[in-house]
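**Q**
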Amino acid sequence: MMIIKGDKEMSNKKQFATFFLIAFVIFTIALMPVRFTLGKVGETRIFGGNESIMDQMDYIVDKSGPYYDLFSKSDRVNILVLGDNDGLTDTIMLASYDLKNQRLDIISVPRDTYYLRKGYKGAAAQKINAIYGSEGVIGTAKAVSDTLLGMPINYYAVIEFSDVEKIVNKIGGVPMDIPFTMKYNDPYDKPPLHIYIEKGQQTLDGKKAVQFLRYRHGYPEGDIGRVKAQQEFIKSAMKQAIGPELPGVVKLGLEEIESDITLGTATKIATKAIGLDPQNISTYLAPGGPKTVNKASYWFVDTEKTGEMVEQIYKPVTEDASKNTEDAE
Numbered sequence: 017m018m019i020i021k022g023d024k025e026m027s028n029k030k031q032f033a034t035f036f037l038i039a040f041v042i043f044t045i046a047l048m049p050v051r052f053t054l055g056k057v058g059e060t061r062i063f064g065g066n067e068s069i070m071d072q073m074d075y076i077v078d079k080s081g082p083y084y085d086l087f088s089k090s091d092r093v094n095i096l097v098l099g100d101n102d103g104l105t106d107t108i109m110l111a112s113y114d115l116k117n118q119r120l121d122i123i124s125v126p127r128d129t130y131y132l133r134k135g136y137k138g139a140a141a142q143k144i145n146a147i148y149g150s151e152g153v154i155g156t157a158k159a160v161s162d163t164l165l166g167m168p169i170n171y172y173a174v175i176e177f178s179d180v181e182k183i184v185n186k187i188g189g190v191p192m193d194i195p196f197t198m199k200y201n202d203p204y205d206k207p208p209l210h211i212y213i214e215k216g217q218q219t220l221d222g223k224k225a226v227q228f229l230r231y232r233h234g235y236p237e238g239d240i241g242r243v244k245a246q247q248e249f250i251k252s253a254m255k256q257a258i259g260p261e262l263p264g265v266v267k268l269g270l271e272e273i274e275s276d277i278t279l280g281t282a283t284k285i286a287t288k289a290i291g292l293d294p295q296n297i298s299t300y301l302a303p304g305g306p307k308t309v310n311k312a313s314y315w316f317v318d319t320e321k322t323g324e325m326v327e328q329i330y331k332p333v334t335e336d337a338s339k340n341t342e343d344a345e
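And the structure:
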């Protein structure tokens with residue numbers, strides 16, 4: 017369920033579009049091999065996209081939701097990030113940015129999350145990652161918002177395979193502590209998949225970063241372990257990218273993106289975003305647990321714990337908390 021913002025908040029979204037242009041160039045590194053489209057809600061789009069969430073807002077608004085007042089009073093802007101893999105959303109994340117306090121929260125929704133859809137038969141059709149193939153961005157956005165108790169979704173990005181190697185190399189690689197040796201070969205995958213990364217602390221270059229992001233096997237927690245690994249990669253990549261190389265990263269990203277924002281404007285935006293404090297980036301997993309139903313594995317979201325997570329993300333930042341953040345710098 018999504019909520020309609022007022023004119024003042026829409027103005028804030030215009031201001032915030034600057035930052036998320038940068039953030040999504042970084043997300044192209046972080047989530048999957050990439051080429052993406054971004055839809056701006058209710059305004060001319062920065063990037064090409066076939067669907068507008070704003071067109072569906074009246075349909076998906078739920079003013080009776082338990083957190084409607086909390087959401088409607090917030091200056092946050094939320095962007096749904098989908099990693100497309102042959103019609104299935106292999107990666108589902110909601111990036112929530114606090115305009116006032118410069119805080120970024122990223123929620124991962126497991127692709128096997130159970131979401132009941134009437135009229136659809138088969139175990140696979142009740143997984144949230146199957147919605148994109150039949151109902152597109154709008155259907156997926158509604159399901160994610162519903163799963164997260166009505167969190168609004170203001171923008172979306174759909175990510176596909178592309179130039180991760182160049183972008184990772186541009187920022188000098190991504191430092192990661194690899195928990196175990198990753199080895200996997202699948203010559204029939206698209207593109208063919210050949211992975212070998214040794215265990216231990218190291219800086220992943222572009223080629224190794226792509227291998228790391230595509231690796232799915234061997235995590236003790238299964239797909240949840242992979243989600244957590246993606247989140248660690250995001251934080252490390254953003255620490256690397258938010259620096260002097262950021263304008264160059266944006267330039268490289270824009271070379272692959274259909275956009276009506278000029279390179280000069282994007283570079284100025286990137287320069288302003290360099291000061292984002294990585295300590296203000298937090299990652300979350302939609303609370304819940306695995307369960308097998310009729311031989312199908314699902315992730316069932318815990319509504320009570322999800323509510324606690326939402327409150328934690330949206331709770332006002334106190335002066336003491338702000339001071340502690342400043343003292344830590």
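Residues in the sequence shown are numbered from 17 upward in steps of one, following the numbering used here. Where a beta carbon is used, it is the ideal one built from N, C-alpha and C, also for glycine.
#1: With DSSP collapsed to three states, give me the class of isoleucine 147.
#2: Is the beta carbon of lysine 143 sitting closer than 8 Å to the one on threonine 129?
#3: Below 8 Å between beta carbons: does that hold for threonine 182 and glycine 222?
#4: Excluding the five sequence neighbours on either side, which residues of its own chain have a C-beta within less than 6 Å of the C-beta of proline 191, listed in chain order?
#5: Alpha carbon to alpha carbon, how far is leucine 209 from serine 88?
#6: Could you check where the alpha helix (DSSP H) with tyrosine 212 kicks off and where it finishes?
#7: With a cut-off of 8 Å on the beta carbons, I'd call valine 317 and proline 303 a contact; round off their distance for me.
#8: Since arginine 92 contacts serine 112 with CB under 8 Å, what's their CB separation in whole angstroms?
#9: How would you write the range of the alpha helix (DSSP H) that threonine 319 sits in, first residue to last?
#10: Nearest-angstrom Cα distance between methionine 109 and leucine 98?
#11: Under 8 Å Cβ to Cβ from glutamate 324, same chain only, skipping five residues before and after it: list those, please.
#12: Could you pull the DSSP bridge partners for phenylalanine 316 from this structure?
#13: Excluding the 5 residues flanking tyrosine 314 on each side, which residues of the same chain have their C-beta closer than 6 Å to its C-beta?
#14: Starting from lysine 199, follow its DSSP beta bridges and name the residues at the other end.
#15: Give me, in chain order, the residues of the same chain whose beta-carbon lies closer than 7 Å to that of serine 90; leave out the 5 immediate sequence neighbours on both sides.
#16: Does the distance from the C-beta atom of lysine 215 to that of proline 195 stay below 8 Å?
#17: By Cβ distance, which residues of its chain are closer than 6 Å to methionine 198, with the 5 residues on each side in sequence left out?
#18: Applying the criterion that 16 or more other CB atoms from any shown protein chain within 10 Å of the CB defines a buried residue, is asparagine 145 buried or exposed?
**A** Walking through what the data contain:
#1: helix
#2: yes
#3: According to the sequence displayed, residue 182 carries lysine and not threonine. The answer is yes: Cβ separation under 8 Å.
#4: Thr219 and Ser252
#5: 45 Å
#6: Going by DSSP, tyrosine 212 is part of no alpha helix (DSSP H) but of the beta strand (DSSP E) stretching over 209-213.
#7: Here valine 317 really is in contact with proline 303; their C-beta atoms are around 7 Å apart, less than 8 Å.
#8: 5 Å
#9: 319-330
#10: 7 Å
#11: Pro303
#12: Gly305
#13: Asp128, Tyr130 and Lys307
#14: Residue pairing by DSSP places lysine 199 opposite Tyr212 in a beta bridge.
#15: Tyr330
#16: yes
#17: Ile211, Ile213 and Tyr231
#18: buried
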